[in-house]
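Below: one structure, written as structure tokens.
There are 2 protein chains.
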Amino acid sequence: MRHFTVELEELNSKLLEMAGMVEASISRAVRSLVDQNKELAEQVIRDEPRINRTEIEIDGMATRLLALRQPVARDLRFLTAALKINTDLERIGDLAQHIAERSLSLMHHPLVKPMVDIPTMASLVQSMLLKVLDAFVKGDEGLARSVLLADDEVDNLRDSVYASLLDTMQKDPSVVPAAVDLIFVARNLERIGDHATNIAEDVVFLIKGIDVRHNAERAETKVT
Amino acid sequence: MRHFTVELEELNSKLLEMAGMVEASISRAVRSLVDQNKELAEQVIRDEPRINRTEIEIDGMATRLLALRQPVARDLRFLTAALKINTDLERIGDLAQHIAERSLSLMHHPLVKPMVDIPTMASLVQSMLLKVLDAFVKGDEGLARSVLLADDEVDNLRDSVYASLLDTMQKDPSVVPAAVDLIFVARNLERIGDHATNIAEDVVFLIKGIDVRHNAERAETKVT
Numbered sequence: 052m053r054h055f056t057v058e059l060e061e062l063n064s065k066l067l068e069m070a071g072m073v074e075a076s077i078s079r080a081v082r083s084l085v086d087q088n089k090e091l092a093e094q095v096i097r098d099e100p101r102i103n104r105t106e107i108e109i110d111g112m113a114t115r116l117l118a119l120r121q122p123v124a125r126d127l128r129f130l131t132a133a134l135k136i137n138t139d140l141e142r143i144g145d146l147a148q149h150i151a152e153r154s155l156s157l158m159h160h161p162l163v164k165p166m167v168d169i170p171t172m173a174s175l176v177q178s179m180l181l182k183v184l185d186a187f188v189k190g191d192e193g194l195a196r197s198v199l200l201a202d203d204e205v206d207n208l209r210d211s212v213y214a215s216l217l218d219t220m221q222k223d224p225s226v227v228p229a230a231v232d233l234i235f236v237a238r239n240l241e242r243i244g245d246h247a248t249n250i251a252e253d254v255v256f257l258i259k260g261i262d263v264r265h266n267a268e269r270a271e272t273k274v275t
Numbered sequence: 052m053r054h055f056t057v058e059l060e061e062l063n064s065k066l067l068e069m070a071g072m073v074e075a076s077i078s079r080a081v082r083s084l085v086d087q088n089k090e091l092a093e094q095v096i097r098d099e100p101r102i103n104r105t106e107i108e109i110d111g112m113a114t115r116l117l118a119l120r121q122p123v124a125r126d127l128r129f130l131t132a133a134l135k136i137n138t139d140l141e142r143i144g145d146l147a148q149h150i151a152e153r154s155l156s157l158m159h160h161p162l163v164k165p166m167v168d169i170p171t172m173a174s175l176v177q178s179m180l181l182k183v184l185d186a187f188v189k190g191d192e193g194l195a196r197s198v199l200l201a202d203d204e205v206d207n208l209r210d211s212v213y214a215s216l217l218d219t220m221q222k223d224p225s226v227v228p229a230a231v232d233l234i235f236v237a238r239n240l241e242r243i244g245d246h247a248t249n250i251a252e253d254v255v256f257l258i259k260g261i262d263v264r265h266n267a268e269r270a271e272t273k274v275t
């Protein structure tokens, strides 16, 4: 039987590989949208099955280690965090695919003038994901917590995008289909931000053994 | 130390309690929307923190049992399924809250004539959730699989809702804000259907030890 540490390291690498694929998909989906690049969107859609297969692979690795190694304390937290982070990454991959699909759909509609704050929202959300993965790799609690704080900014940007698109639609009904696509893009970006926040909570839990979801920390829930 | 079976039974009950709360919230959110009932929507929003607390409690119970009892085979599958089902139920609770918020927002806008297929979509999605929980309780694989099949019907209804609302907005820009609210309601219902599907996949995995996500079954992935 191989050393447990080696197996945990392999799971860690696989999770980072998954994260890398998901990051690449978001980046391509957003560039496809901004540059009206069909090929990038199609690549995102082509890459999705591989992300799904990797999710199943990671789940299998983590579940097997839970069963065979009966880990405790930090190793147990790592394995349960890996299961949760894996799910969040796969859903981010789905959302990148949705953005790519909207991007393709937008190429068939008359263009809405204001992309408004969508590119800003996209960079913010991408930087949240990069930061939280960095926090995971380095075990940096402060960095993970900084991602929790960025979520409000994402919500503010989303509100401004919605307001501006609603206004545009009411003034010019011909842009309704394109504007609805952009509303969904903003919503998908917001949800990527939510998943990055979930991952940040898992990273804090992993490092400190403290559950920070839903302000649970105030009740000082501790898991060891 | 209490008997492991008793502890698993407690976790099972807690999960069903969580499911009951979530079901009640969806049902209230949908009725609030259809009947323009402000009070029901407010109750959904008030109940959300309790659902969140229960999620954390269930996660704690399942993680503790994984650590202390080092379960194997079906008990291990039950505990990992419980963790996943718990996450899906909590997200369904969030989606019920989003519908309740849209329902409140809709009370301030001029009404869109066609609620179109939204009530039909809502009943379908609610019946998927009821069925999958029934499948979980009874260990009924066939029932769980029937939920997987219903997902296409949800997607068809969503397409018809979107097409009809886009058309309405283009003909009468004054209904744009209300129609956008309804588009989000349809999207939230669709996502509740997705989560019910996730739970159905977990139930099949629990019963058979077969992973049916992303057509993984075709590759005959088996987890024991």
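As you go down the protein sequences, you meet chains A and B in turn. Sequential numbering from 52 applies to the first sequence in our numbering. Sequential numbering from 52 applies to the second sequence in our numbering. Each residue gets a CB set at the ideal place from its N, CA and C atoms; glycine is no exception. The structure presented is a predicted model; accordingly, all values stated were derived computationally and were not measured.
Should A:K189 go down as buried or exposed, given a rule of 16 or more other Cβ atoms within 10 Å for buried?
exposed
Expressed to the nearest angstrom, what Euclidean distance is found between the alpha-carbon atoms of A:L11 and B:S156?
Lying before the first or after the last residue shown, residue 11 of chain A is absent from chain A, which here runs from 52 to 275.
Ignore the nearest five residues each way along the sequence and tell me which others in B:K259's own chain have a CB closer than 7 Å to its CB.
E192
Would you mind sorting B:T131 into buried or exposed? The rule is 16 or more other CB atoms within 10 Å of its CB.
Classification of B:T131: buried, given that the 10 Å Cβ count is 16 or more.
Indicate the three-state DSSP secondary structure (helix, strand or coil) for A:H160 in the structure shown.
Coil at A:H160, not helix or strand.
Where does B:P122 sit, in a helix, a strand or coil, going by DSSP?
B:P122: coil per DSSP, three-state reduction.
Taking 8 Å as the CB-CB cut-off, is A:D203 touching chain B?
no
I'd like to know whether the C-beta of A:V95 is nearer than 8 Å to at least one C-beta of chain B.
no
By DSSP, does B:E268 sit in helix, in strand, or in coil?
The pLDDT assigned to B:E268 is 48, lower than 50, so where the model puts this residue is not dependable; a value taken from the coordinates is nonetheless given after this. Note: B:E268 maps to helix in three-state DSSP.
Would you kindly work out how many angstroms separate the C-alpha atoms of B:L127 and A:E68, rounded to a whole number?
26 Å
In chain order, what residues of the same chain have a beta carbon less than 8 Å from the beta carbon of A:A229, not counting five sequence neighbours either side?
L157, H160, P161, L162 and V163
Which chain A residues sit within Cβ distance under 7 Å of B:N103?
H265
CB-CB under 8 Å to B:R101, same chain, minus the five flanking residues each way: which ones, in chain order?
M72
Of the residues A:L217, A:L84, A:R104 and A:L208, which one's Cα is nearest the Cα of A:H149?
It is A:L84.
Please identify, using Cβ separations under 7 Å, the residues of the stretch 208 to 242 of chain B that lie next to chain A, in order along the chain.
L217, M220, Q221, P224, V227, P228, V231 and I234
Does the stretch 93 to 108 of chain B come close enough to the stretch 250 to 265 of chain A to have 3 or more Cβ pairs within less than 8 Å?
yes
Taking contact to mean at least 3 C-beta pairs separated by less than 8 Å, is the stretch 134 to 146 of chain A in contact with the stretch 245 to 255 of chain A?
yes
Tell me whether B:K135 is buried or exposed, calling it buried when 16 or more other Cβ atoms sit within 10 Å of its Cβ.
buried
Between B:V212 and B:I169, is the Cβ-Cβ spacing less than 8 Å?
yes
Can you tell me which of B:E58, B:A186 and B:K89 puts its alpha carbon nearest to the alpha carbon of B:T114?
For B:T114, the closest alpha carbon among the candidates B:E58, B:A186 and B:K89 is that of B:E58.
Where does A:D191 sit, in a helix, a strand or coil, going by DSSP?
coil
Mind checking B:N137: buried by the 16 CB within 10 Å criterion, or exposed?
buried
B:D98 CB to nearest chain A CB: under 8 Å?
no
In chain order, what residues of the same chain have a beta carbon less than 7 Å from the beta carbon of B:M220, not counting five sequence neighbours either side?
V226, V227 and A230
Looking at the C-beta of B:V123, does it have a partner C-beta in chain A at a distance below 8 Å?
yes
B:L117 CB to nearest chain A CB: under 8 Å?
Yes, B:L117 lies at the interface with chain A (some Cβ there is under 8 Å from its Cβ).
Residues in the same chain with beta-carbon distance under 7 Å from B:R238, minus the five sequence neighbours each way, listed in chain order, please.
none
Report the three-state DSSP secondary structure of A:Q87 (helix, strand or coil).
coil
Could you work out which residue in B:V236, B:K65 and B:Q121 is closest to B:A133 when comparing CA atoms only?
B:K65
What does a CB cutoff of less than 7 Å around B:V183 pick up in its chain, not counting 5 residues either side in sequence?
A195, V198, A247, I250, A251 and V254
Evaluate B:F55 with the Cβ neighbour count: other Cβ atoms within 10 Å of its Cβ, from every protein chain shown; 16 or more gives buried, anything less gives exposed.
exposed
Could you check what DSSP says for A:M51 in three-state terms: helix, strand or coil?
With chain A represented from 52 up to 275, any question about residue 51 of chain A goes unanswered, as that position is not in the structure.
In chain order, what residues of the same chain have a beta carbon less than 7 Å from the beta carbon of B:Q94, not counting five sequence neighbours either side?
R79
Among the residues of its own chain, which have a CB less than 7 Å from the CB of B:A70, if the five just before and after it don't count?
L140 and L184
Which residues of chain A have a Cβ atom closer than 9 Å to the Cβ of B:T171, listed in chain order?
Those within 9 Å of B:T171 in chain A number zero; the least Cβ separation is about 21 Å.
What does a CB cutoff of less than 7 Å around B:L257 pick up in its chain, not counting 5 residues either side in sequence?
R128, F129 and A132
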